[in-house]
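Following: one structure in structure tokens, then a few remarks.
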Amino acid sequence: MPHRFDDAARAGVLGHMNADHGDDNLLIAKAFGPTSDIVTATMTDFDGEGGRWDAQLRSGETIEVSIPWPAGGITQRPEVRREIVALYDEACRRLGLEPRAHA
1 MPHRFDDAAR AGVLGHMNAD HGDDNLLIAK AFGPTSDIVT ATMTDFDGEG
51 GRWDAQLRSG ETIEVSIPWP AGGITQRPEV RREIVALYDE ACRRLGLEPR
101 AHA
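Letter by letter, the sequence shown follows residues 1 to 103 in the UniProt record's numbering.
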């Protein structure tokens, strides 16, 4: 059974990703989703095995994109950031984009 993060950790990560990293959500969903026809994406949940995004297609349909963490299972909140950054970097590589520097 995957590790389940507490509600405060989930709310903090999801709030930050959706308020401050909407473009990153879109890149991740496009790069890892089943189609590049994605026009918007929102991170909806995560656990110790990976993250989940709702992605809206050009047609208006919404699909879920589930992506396992690159390093495998995690159990600590700081690991979530590390794994999302790794997904972002890989998304940029897959899409032929230059990733920005990480602070």
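Built from N, CA and C at the ideal position, the CB exists for glycine as well.
How many angstroms separate the CA atom of residue i from the CA atom of residue j?
{"i": "Asp23", "j": "Lys30", "result": "11 Å"}
{"i": "Gly72", "j": "Arg4", "result": "14 Å"}
{"i": "Thr75", "j": "Thr44", "result": "18 Å"}
Taking the beta carbon of residue i as the centre, do at least 16 other beta carbons fall within 10 Å, making it buried, or is it exposed?
{"i": "Gly60", "result": "exposed"}
{"i": "Leu95", "result": "exposed"}
{"i": "Ala101", "result": "exposed"}
{"i": "Glu83", "result": "buried"}
What residues in its chain sit with their C-beta under 7 Å from that of residue i, if we drop five residues either side in the sequence?
{"i": "Ser66", "result": "Gly50, Arg52"}
{"i": "Ser36", "result": "Lys30"}
Going along the chain, which residues of its own chain have a beta-carbon closer than 6 Å to the beta-carbon of residue i, five neighbours each way excluded?
{"i": "Val85", "result": "His102"}
>> In chain order, what are the residue ranges of uninterrupted alpha helix (DSSP H) at least 4 long that sit wholly in the segment 4 to 56?
In response: Annotation note: the segment 4 to 56 contains the following uninterrupted alpha helix (DSSP H) runs of length 4 or greater, listed N- to C-terminal: 7 to 20, 22 to 32.
> What runs of the beta strand (DSSP E), each 3 residues or longer, lie entirely inside the segment 60 to 94?
Replying inline: Runs found: 62 to 68.
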